[in-house]
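These notes are about the structure you will find just below.
There are 2 protein chains.
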Amino acid sequence: MAVDKRQLVLETALKLFSENGFHATGIDKVQAESKVSKTTMYKYFKSKDDLILEVLKFRDEQFDAWISERIDFHCENTFADEPVAKLFALFEALHEWFNCPNFCGCNFINACAEFNDQNHPVHKLSTEHKLNFAGFIKDVLDESGFKAEEDFALQICILIEGAIVFAHTACQKQSAKVGQKMLRVLLENQRQSA
Amino acid sequence: MAVDKRQLVLETALKLFSENGFHATGIDKVQAESKVSKTTMYKYFKSKDDLILEVLKFRDEQFDAWISERIDFHCENTFADEPVAKLFALFEALHEWFNCPNFCGCNFINACAEFNDQNHPVHKLSTEHKLNFAGFIKDVLDESGFKAEEDFALQICILIEGAIVFAHTACQKQSAKVGQKMLRVLLENQRQSA
DNA sequence: AAGAATGTGTACAGATCTGTTCAGTTGCTA
DNA sequence: TAGCAACTGAACAGATCTGTACACATTCTT
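Chains A and B supply the protein sequences, listed in that same order.
Position 93, counted from 1, in the first sequence is what UniProt numbering calls 93; the numbers after and before it change by one each time, with no gaps.
Position 54, counted from 1, in the second sequence is what UniProt numbering calls 54; the numbers after and before it change by one each time, with no gaps.
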């Protein structure tokens, strides 16, 4: 096969869903833009809801890979002597993300906006993504040997989500830098009370 | 007039848009649920986009009134000796909000998810709402005579947005309490460096 | 009581949406 | 070269969407 048609549809759909939303993007538009026939699309994805789910699973993997790569990159270059270097690097990565020309906010936050029902598969998948990310933050803290309160990973997550949303809705592109500053204060406070 | 039909449509539409999203909610459903004839609806709102804008303007006023009332309520009862009592009361109000049975996240965050284009009137109105709220936080800080960094109001906003999003997408209903704890740390840090 | 304003109910146009069908084409493999 | 799997393109069904039209009913004001 010259190109992986399934992957082509996933990538096109991710772009269109990000830019225009899930409900506002028709299957026909995904078909037209991906230049894959409708028959093939429905061979790989049995319905639009199924496509949305698969797009989000793909985005989950893509984002994880991207953020890990960027964290490693920024750790090498800076923040070597910060208490939890990877967290500072994470906010540096967020800054890059927010300032991409095609930044559309977080796909999972956006998905929950459109699929508000907590029992809907799309909402559940998004919740799972967020909790996995909280787990990732916890791992970063544990690996660095940083001693902190039980809910400290949750605190960092709130910081991250807030920065994402404020960058998107209020168009405050510097919010990752603000978040990074808040991170420093919160880390310092944990160290003092340890 | 027995009831204000326009207001009836606004309230019904707000409920449906909140629960199901803007694109997923049809005009017909708003009409059926509000029991106002379609003709009347189109008399007051010249299009669906217009209705969405008016619903968000209504929500803006409703939310402002509600949050102000709850802040006053909680200030009277508790937090009297906290540095910026109103901010602590604000997070108490957020906690109430998140634990409402019909909590659907923030309508303006959700609106930006569906109307991603920054030049779209709906996105612009949402941005305006968020910036006005940031102004409100700044006023609260100024009124209390609290001396802080230039971007401290922005920091508090990031905290609030993060708590809202994490309560909604990750279903962490206690995130307002976590945010309140973070607020205390951030306030203390500002006082120390003043 | 008359007229103006407001509201109702329904049918409709035209567009768009998801999902299916099917005959034909392409390209890989044995 | 024959067979098979993958893919195409276009038409179609049926539902749903926004927005309009129109004849009629209700309510308020003067």
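Think of the CB as a built atom: it goes at the ideal place given N, C-alpha and C, for glycine as much as any other residue.
A quick note: this is a predicted structure, and the numbers were derived from the prediction, not measured.
Quick check on the DSSP output: the alpha helix (DSSP H) that includes residue i runs from which residue to which?
i, result
"H168 of chain A", "F152 to T169"
"P121 of chain B", "P121 to E143"
"H95 of chain B", "A85 to F98"
"Q180 of chain A", "S175 to S193"
Residues in the same chain with beta-carbon distance under 6 Å from residue i, minus the five sequence neighbours each way, listed in chain order, please.
i, result
"H168 of chain A", "G105"
"I156 of chain A", "I137"
"R70 of chain A", "A93"
"R184 of chain B", "none"
State the DSSP-derived secondary structure class of residue i, mapped to helix, strand or coil.
i, result
"F108 of chain B", "helix"
"K147 of chain B", "coil"
"Q118 of chain A", "coil"
"Q7 of chain A", "helix"
"A2 of chain B", "Any reading at A2 of chain B is ruled out, since the residue's pLDDT is 40, under 50, leaving its predicted position unreliable."
Given residue i, which residues of its chain have a CB within under 8 Å of its CB, disregarding the five upstream and five downstream residues?
i, result
"A163 of chain A", "F91, L94, F98, S175, A176, V178 and G179"
"F146 of chain A", "P83, V84, L187 and Q190"
"C75 of chain B", "A85, K86 and A89"
"L56 of chain A", "N107, F108, A111, V122, L125, S126 and H129"
"A194 of chain B", "K147 and A148"
"H23 of chain B", "E114"
Name the chain B residues whose beta carbon is nearer than 8 Å to that of residue i?
i, result
"F166 of chain A", "K130, L154, C157, I158 and E161"
"G105 of chain A", "C112, A113 and N116"
"S175 of chain A", "L154 and I158"
Chain B partners of residue i, CB-CB under 9 Å?
i, result
"H23 of chain A", "G21, F22, H23, A24 and E114"
"F108 of chain A", "T169"
"T127 of chain A", "T169, A170 and C171"
Mind pulling the chain A residues with CB within less than 8 Å of residue i?
i, result
"G179 of chain B", "I158"
"S47 of chain B", "The contacting residues do not exist; S47 of chain B stays about 15 Å from chain A at best."
Taking Cβ-Cβ distances shorter than 7 Å, what residues in chain B pair up with residue i?
i, result
"V185 of chain A", "V185, L186 and N189"
"D151 of chain A", "V178"
Go through its chain and collect everything with a Cβ distance to residue i's Cβ below 7 Å, but skip five positions before and after it.
i, result
"E19 of chain A", "C104"
"F58 of chain A", "L10 and L14"
"V140 of chain A", "V84, K86 and L87"
"C112 of chain A", "H123 and S126"
"K173 of chain A", "F98, N99 and A167"
"V36 of chain B", "K5, L8 and V9"
"M1 of chain A", "With a pLDDT of only 35 at M1 of chain A, under 50, the local geometry of the prediction cannot be trusted, and the value read off the model is given with reservation. Taken in chain order, the list of residues that qualify is empty."
Residues of chain A with a CB under 7 Å from the CB of residue i: which are they?
i, result
"M41 of chain B", "In chain order: nothing, as chain A lies at least about 21 Å away."
Runs of 3 residues minimum, wholly inside the region 10-76 of chain A: which ones carry the beta strand (DSSP E) assignment? none
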